[in-house]
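Going by our numbering, the first residue of the sequence shown is number 25, and it counts up by one from there. Positions of the beta carbon are idealized from the N, C-alpha and C atoms, including for glycine. Here the structure is laid out as structure tokens; the discussion comes afterwards.
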Amino acid sequence: DTFADMTDHWAHYDVEFMANEGLVSGVADNLFNPEAQITRAEYLTILDRAMGYELVSGESYPDVAQDQWYAPYVATAKANGLIEGLPVGDGFKPTQPITREEMALFPYNAIKSTKNT
Numbered sequence: 025d026t027f028a029d030m031t032d033h034w035a036h037y038d039v040e041f042m043a044n045e046g047l048v049s050g051v052a053d054n055l056f057n058p059e060a061q062i063t064r065a066e067y068l069t070i071l072d073r074a075m076g077y078e079l080v081s082g083e084s085y086p087d088v089a090q091d092q093w094y095a096p097y098v099a100t101a102k103a104n105g106l107i108e109g110l111p112v113g114d115g116f117k118p119t120q121p122i123t124r125e126e127m128a129l130f131p132y133n134a135i136k137s138t139k140n141t
């Protein structure tokens, strides 16, 4: 097992599958922290990986510092239109917990972009 805190969890097999596919990683060496809230940046990282996007670099939003682990994932999501439609007037707020509406918007945009190619 990859994560010690997932051994008896109801989502054990799903999380293990996603970890084996390289879609998720833990919060420490062998911990997943399944009850934690997910941030916007964490969710986009999973979605970028699931879509198989090649990471891009560069500025995305003023509040996404280039030295943060999630910077290339936010830039990649922006470049691929995943964030389109989200009001980001005062920044993307990458460490803010993701809302249910954002969890619908980002994959909708990803699916929509595949229909246009």
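T138 is classed as exposed because its beta carbon has fewer than 16 other beta carbons within 10 Å across all chains shown. Under a 10 Å Cβ-count criterion, A95 is classified as buried, with 16 or more other Cβ atoms of the shown protein chains found around its own Cβ.
When beta bridges are read from the DSSP output, P121 appears opposite T63. In the DSSP assignment, A134 forms no beta bridge with any residue. Measuring C-alpha to C-alpha distances from G115 to each of A103, L129, A89 and M127 identifies A89 as the nearest. Fully enclosed alpha helix (DSSP H) runs of no fewer than 4 residues occupy 95 to 103 of the stretch 70 to 110, in order along the chain. Our two residues, P58 and D25, have alpha carbons roughly 14 Å apart in a direct line.
Of all alpha-carbon atoms in Y67, E45, Y85 and V48, the one lying nearest the alpha-carbon of E125 is that of Y67.
Judged by their CB atoms, I107 and A99 are not nearer to each other than the 7 Å cut-off. In this structure I70 does not touch P121 by the C-beta definition: roughly 14 Å separates them, more than the 8 Å allowed.
DSSP places F116 in no alpha helix (DSSP H); its state is neither H nor E. For L55, the secondary structure class from DSSP, reduced to helix, strand or coil, is strand.
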